[in-house]
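Top line first, the protein sequences correspond to chains A, B, C and D.
Per this note's numbering, residue 238 is the first one in the first sequence, and the count goes up by one each step.
Per this note's numbering, residue 238 is the first one in the second sequence, and the count goes up by one each step.
Per this note's numbering, residue 1003 is the first one in the third sequence, and the count goes up by one each step.
Per this note's numbering, residue 1003 is the first one in the fourth sequence, and the count goes up by one each step.
Just so you know, even glycine gets a beta-carbon here, dropped at the ideal spot from N, CA and C.
Okay, so here's the structure we're looking at.
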Amino acid sequence: MDLNFTPEEIAFRDEARHFFRTAIPESIRAKVAEGEGLTRDDMITAQRILNARGWATVNWPVDWGGQDWTPIQVYLYQDEMQQAHCPAPIAFNVSMVGPVIAQFGSQATKERFLAATANVDIFWCQGFSEPGSGSDLASLRTKAERKGDKYIINGQKTWTTLAQYADWIFCLCRTDPTAKAQEGISFILVDLKTPGITIRPIVTIDGGHEVNEVFFDDVEVPVENLVGQENKGWDYAKFLLGNERTGIARVGASKAKIARIKELASLEFVGERPLMETPRFQEKLAAVEVELKALEMTQLRVVSDERKLEKGRQNPASSILKLKGSVIQQQLTELLMEVVGPYAMPYQRDFEGNNEPIIGPDYASEAAPMYFNYRKVSIYGGSNEIQRNIIAKAILGL
Amino acid sequence: MDLNFTPEEIAFRDEARHFFRTAIPESIRAKVAEGEGLTRDDMITAQRILNARGWATVNWPVDWGGQDWTPIQVYLYQDEMQQAHCPAPIAFNVSMVGPVIAQFGSQATKERFLAATANVDIFWCQGFSEPGSGSDLASLRTKAERKGDKYIINGQKTWTTLAQYADWIFCLCRTDPTAKAQEGISFILVDLKTPGITIRPIVTIDGGHEVNEVFFDDVEVPVENLVGQENKGWDYAKFLLGNERTGIARVGASKAKIARIKELASLEFVGERPLMETPRFQEKLAAVEVELKALEMTQLRVVSDERKLEKGRQNPASSILKLKGSVIQQQLTELLMEVVGPYAMPYQRDFEGNNEPIIGPDYASEAAPMYFNYRKVSIYGGSNEIQRNIIAKAILGL
Amino acid sequence: MDFDLSEDQRLLKDSVDRLVADQYQFEQRKKYMREPAGYSAAMWEQITEMGLLGLPFEETLGGFGGGAVETAIVMDAFGRGLVLEPYFSTVILGGGLLRRAASASVLGALAPKVAAGKLKLAFAHVERHSRYDLADVSTTARMDGGSYLLDGAKSVVIHGDTADKIFVTARLSGDRRSRAGIGLFLIDAATPGVARRGYPTQDGQRAAELTLTGVRASADDLIHDNALPLVEHVVDEAIAALCAEAVGAMQAMQDLTLEYLKTRKQFGRPIGSFQVLQHRSVDMLVAVEQARSMAMFAAVMAAEENPVERRKAISAAKVQIGRSGRHVGQEAIQLHGGIGMTNEYAVGHYFKRVTMIDQLYGDADTHLSYLGAHGGLFGKAA
Amino acid sequence: MDFDLSEDQRLLKDSVDRLVADQYQFEQRKKYMREPAGYSAAMWEQITEMGLLGLPFEETLGGFGGGAVETAIVMDAFGRGLVLEPYFSTVILGGGLLRRAASASVLGALAPKVAAGKLKLAFAHVERHSRYDLADVSTTARMDGGSYLLDGAKSVVIHGDTADKIFVTARLSGDRRSRAGIGLFLIDAATPGVARRGYPTQDGQRAAELTLTGVRASADDLIHDNALPLVEHVVDEAIAALCAEAVGAMQAMQDLTLEYLKTRKQFGRPIGSFQVLQHRSVDMLVAVEQARSMAMFAAVMAAEENPVERRKAISAAKVQIGRSGRHVGQEAIQLHGGIGMTNEYAVGHYFKRVTMIDQLYGDADTHLSYLGAHGGLFGKAA
């Protein structure tokens, strides 16, 4: 047992640190740091820089552009990327549809999509959730009826993140209405330019537009857009959801938030003292730092275990990464709002586009929206309640 | 709406305050303050002083020695009693079996038991819980078979508090084995001197002996010891458990603990400063004080509502009294243990009887045992989990 | 002691509750928000006609002499409706400052106008680095002949964009944080040198940044020349009012969440049938009831003359409201799941309002520090 | 980075785990506790034969040169068994002080005795008002001819009642809390003027009050004349060891609780089938795993030479262990219900041990204050 990084690991970390802080435009990283939304171009620019180096799809099979890294390297790559405020590669492309196609797609499908997906020549979005199917995903009702060499898709998807930026959507559709819940579902790729598709924005409580409703009205899709076998979509979806295991803790991103909070809390005053020098705030922040350090160690334990575990089995500790990680991210947004005090109040999104100066310190305007927006992290990707159900069953055997 | 006490109420409060602090022996109140256990004699002495004044059974019908007080008076009586560290009247006598007999007992039963119960000529204990029936009380299995003019009781009760002090026990026994759970249960009074009864102490994690197991082996009880009707015991038990509604919050007792913590935290030092002058401790205590003040207001709302509510209906706020009250009591024992620091460690119960001086400050020895012992507060009388089940159903309609 | 409302209080409650129930449904509120002022002129009319604007003033001044309890009744209802109109800034802050700081003649002249809906007020005190310290005043008032020249900048002036007159704290003497020498001026918004920039707040209300450049104020405009203690009392009353509003908003979140748990189905059953969500709802109930209790406590104590006793009680209430509000708000969103995150659904707006109430006049931990440093609520020995 | 145990470490773990599993069942432990010393002479024998007493010493001294990881392996197992023998006081405190503070000759003379189970040690530092401050030393050591006279009183000396020799901090110079001038003496327990009063602790272990009245110590008994920095390092290592022990105890509570939830039936079903208890168990799991992670972190950082970096890491670990321990302990009792409150059942004894570990060498909030005041764990900018 040696909990220090090897010289090779340190060299790799420094290389990654240097790369992320020099290759990715400062303008883009600043937006991430301040919690400003990225434009479509920002995301594509950042990912293409990574992809040019082969660092956009490190989790993919090596033949299809992945890296043959140790789990520790993958961890360091994520950690440095997050600490440098670099936008992560687009999850829908890199963590979701890409691995599914690489694992289950036909040779033709792979050749048609994988390179384009890595380079964001296709920007993907995810069509899983439906109005009636949130936590209970298997109850989804969107139909894909086989008509000759086409599927006719009818139904509605919702919470579709960044559909407004996307070129294609990967959907779970019911292809066998007679089969029971988990069965009879297929994984189908749909070009959003296909007639019959309508996208409606959903504005969230922070005033932002990240998610959408996507309506399908007799949308015709060629059968070759089916991934893998018909009615096996549920297995592919489970594979997809099980994929993201460690990045989800967002330890690096939380480290970056802590650094930012310490910086800003030194600029805001309580009487004559900077907030950062008041014991109460120091201790509140330190309490979160302790939890984060513990989570980082937990994540490293999980990561360094991965080689040893046979596929599928999980280190019990892995189950807590999302639970704890989400809570820590949320607590940090609470502290950031406390830092800016009364200046959390002005709602400044309305000013976007016009050139009015920011009210209060320039770091204040996103504090409250970020707090509001981050309530989602304990809801999406399987709410923390669902996570606990899963852990109780899978890990504790209850 | 006037949240100030009336002159009459203030006069009553002062009268109670004076009485409790003068009539009840200091030696007894000191034991309560320090969390030391009371002897049987202590309890009887205290209650007889109250009873001599008619203040032992204020919740009973006036004809049987109760007081015709307003709910506010009852509240002030409890609050002052607890703040003065007076032992409450023995709950088994005053809050439990007394009211049941007064409400459901025959004239003969009332005449035989009520006065003796008020004056603790009979010291009662409660025979409800069984090894297999904790939260699920209705599953109790202790049998009482009717044989002529006797019941023959066989079975086991547990968690019987102060059985070692008691003269009699009131039991729930199954008198109709064919009936389903809640039915076929009877409420029977048993003289503990009856042959066939064995009492075994249960030592709790604080090293104290409060609770016991009580075994019944062919115990013969005259049928006139049945209270009310046979097989209606479950209704009487529900009446009994519903009785204690406001005292349960123990607001006065928690006030007294806070006063004590402030006093002791001024005697213990962190470097050159008394602990009580460190902001961290001040704020931790203040946070509990806020919750307690809120609970006190909540309790007063419930209390002053009681006149208006038709029997049975509850003010939603009442449901939170035990939940919140138990947590506050437990938090205060944590703070007390923090006050004494390293001196929480010596276990000094072994010294009882011998005259060795106390190790460390004399207030330190009970800090840890009290913390351990108070974990029971969220378990007994319907665990906080059971409380939440009840509230969700009864108040929220879930 | 008696928690029952008097007959008058019950009538007041019924009428305000009805107003909110009939005219402040979530969809109606959206319309009001889109009006130029950021609130509904018609609603302001109606609030005026109901006489609510005169609440704190004596009848001789066109009011009905209501106290903290009456104010709490109104604010609780406004919290349930997320009312947008500038009642808090005009009546509670402005009216309070008039009553406590202004001369009889000024009060006599202005209170009736406020009561008649002809005069909207605001209170400007926040400065760039003052945070929650009312004594931290850098804005200056220099004697110049028989009048004063005011220079400085004030931030987050609630409804400062539509106020006709604005109360402003400015330093007459002493250094930046000294408690003495703080003047309270009442400035007409149209005075030359007054620049306002209005904007919406996170909770859909309005506020303004205020810049004062050589603003001339007459001796009469100086309402009080050592105003801090009075300002602090008014702010304590304002906090008590916000506590009541927050309780109304929490109650609404509790109701919406229960309703959702009973109707939303997953895995073939109402999600309210899941024990975990039942217990979480119970803990929400506890938080709401504890907050309600402390809002009442604040209402009673807002009138207390001893400033430390009053502030400790108000701080305790603000702590409870801040903590309950955060818990109830976060849980309301969490138990709703995705739908709770959308702007089209009401619950998130209540969440944002209680969140902003915590940021107003000191967040929970700021008040906890004060309470702790001043000996807490309960005595060493009764 | 590599979390795998080396072959030697795995062997060590297997043997200690087996020892605890075979010989430290709850019922066996009760017997050991009733022995005159408050622990089992036979177990002490066995621990000696396994060579565990030599763990921190070089092979030349009869040990096997183990480090913090080896110590953690042993303490984690001892935590699961609630081991009573004076390993912590003799090997971790005593052995640590010998290694870090004693001269080569003293170390060479005593380490082999410790390793051979012939010398039990303890460390006396707590004084009536020192709380958790190791620099707060009122016990005095006066030069008297070529030797010293020690006067003072020490409290809660862990296993001080059965120790053969006791390390004592005494002030050679400086005033009560000054960091300089603290001498570390090693006193034979039989020395005239040494009075001991032994007693059990809340967690079933043993401790003693120590009074020193004109105790004569030779110049050789003065192990170090400015010992605080070394003492602090040893205490940090001791805290790391206690963290590992606490994790073992938490794991045991987690296991007992799960077992109970699966077997205890109420309302006709195992109580583990109730969703609320399932989620509560998950939160216990989270707390245990977070604590395990920080115990590992502490083991790594215990060797750090920079005292502030080391202390911050150790404090962070103690915070996590204190908070996780309280949560896991309280929940373990709560989920067991009444049976968890009884002394006859194991879970309460684990609860008491983790509670006392929080009281040892600074509770969670004491360490949180230190961590906060020293800049926390993460840098302003990586």
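Kindly identify the DSSP beta-bridge partner or partners of residue i.
i, result
"residue 393/A", "452/A"
"residue 407/A", "363/A, 426/A"
"residue 636/B", "In this structure chain B extends from 238 to 635, so residue 636/B is not present and cannot be described."
"residue 1091/C", "The partner list for residue 1091/C (beta bridge, DSSP) is empty, contrary to what the question assumes."
"residue 1448/C", "Absent from the model: residue 1448/C. The displayed extent of chain C is 1003 to 1384, so no value can be given."
"residue 1154/D", "1214/D"
"residue 1388/D", "Any question about residue 1388/D goes unanswered here, given that chain D covers just 1003 to 1384."
"residue 382/B", "389/B"
"residue 1145/C", "1150/C"
I need the boundaries of the beta strand (DSSP E) containing residue i, first residue and last residue.
i, result
"residue 1050/C", "Taken as a continuous stretch (DSSP letters only), residue 1050/C belongs to no beta strand (DSSP E), being part of the alpha helix (DSSP H) at 1043 to 1051."
"residue 1169/D", "1167 to 1173"
"residue 1185/D", "1184 to 1190"
"residue 1138/D", "Neither: residue 1138/D is in no beta strand (DSSP E) and is coded neither H nor E."
"residue 1416/C", "Since the first residue of chain C shown is 1003 and the last is 1384, residue 1416/C is not available in this structure."
"residue 1226/D", "1224 to 1226"
"residue 438/B", "434 to 440"
Going by other Cβ atoms of all chains shown within 10 Å of its Cβ, with 16 needed for buried, is residue i buried or exposed?
i, result
"residue 1044/C", "exposed"
"residue 288/B", "buried"
"residue 576/A", "buried"
"residue 615/B", "buried"
"residue 1016/D", "exposed"
"residue 341/B", "buried"
"residue 1192/C", "exposed"
"residue 1282/D", "buried"
"residue 438/A", "exposed"
"residue 1036/C", "exposed"
"residue 1269/D", "exposed"
"residue 427/A", "buried"
"residue 624/A", "buried"
Tell me where the alpha helix (DSSP H) around residue i begins and ends.
i, result
"residue 1021/C", "1009 to 1025"
"residue 622/B", "621 to 631"
"residue 312/A", "308 to 320"
key: Short-range partners of chain D found in the segment 1264 to 1280 of chain C, where Cβ spacing is below 7 Å   = 1276, 1277, 1278
ask   = Taking three-plus beta-carbon pairs below 8 Å as touching, is the segment 1160 to 1176 of chain D in contact with the segment 1142 to 1152 of chain D?
value = yes
ask   = For the segment 1280 to 1309 of chain D, which residues have a CB atom closer than 7 Å to at least one CB atom of chain A, in sequence order?
value = 1280, 1281, 1283, 1284, 1287, 1288, 1291, 1292, 1295, 1296, 1298, 1299, 1302
request  = With 9 Å as the limit, tell me which residues of the segment 1182 to 1205 of chain C have their beta carbon closer than that to any beta carbon of chain A; keep them in chain order.
outcome  = 1199, 1201, 1202, 1203, 1204, 1205
inquiry  = Does the contact criterion of 3 or more C-beta pairs under 8 Å hold for the segment 1341 to 1358 of chain C versus the segment 1022 to 1037 of chain D?
reply    = no
inquiry  = Whether or not the segment 604 to 624 of chain A and the segment 554 to 572 of chain A are in contact is what I'm after, with contact meaning three or more pairs of Cβ atoms, one per stretch, closer than 8 Å; do they touch?
reply    = yes
message = Would the segment 485 to 502 of chain A count as touching the segment 1337 to 1350 of chain D if we require 3 or more Cβ pairs under 8 Å?
response = no
Contact list for the segment 562 to 577 of chain A against chain D, Cβ threshold 7 Å = none
ask   = Does the pairing of the segment 1102 to 1119 of chain C with the segment 1249 to 1260 of chain C give three or more beta-carbon distances under 8 Å?
value = no
task = Decide if the segment 1324 to 1335 of chain C is in contact with the segment 1371 to 1380 of chain C; the criterion is three or more beta carbon pairs, one per stretch, under 8 Å apart.
result = no
inquiry  = Which residues of the segment 1320 to 1352 of chain D have a Cβ closer than 9 Å to any Cβ of chain A? Give them in chain order.
reply    = 1321, 1322, 1325, 1326
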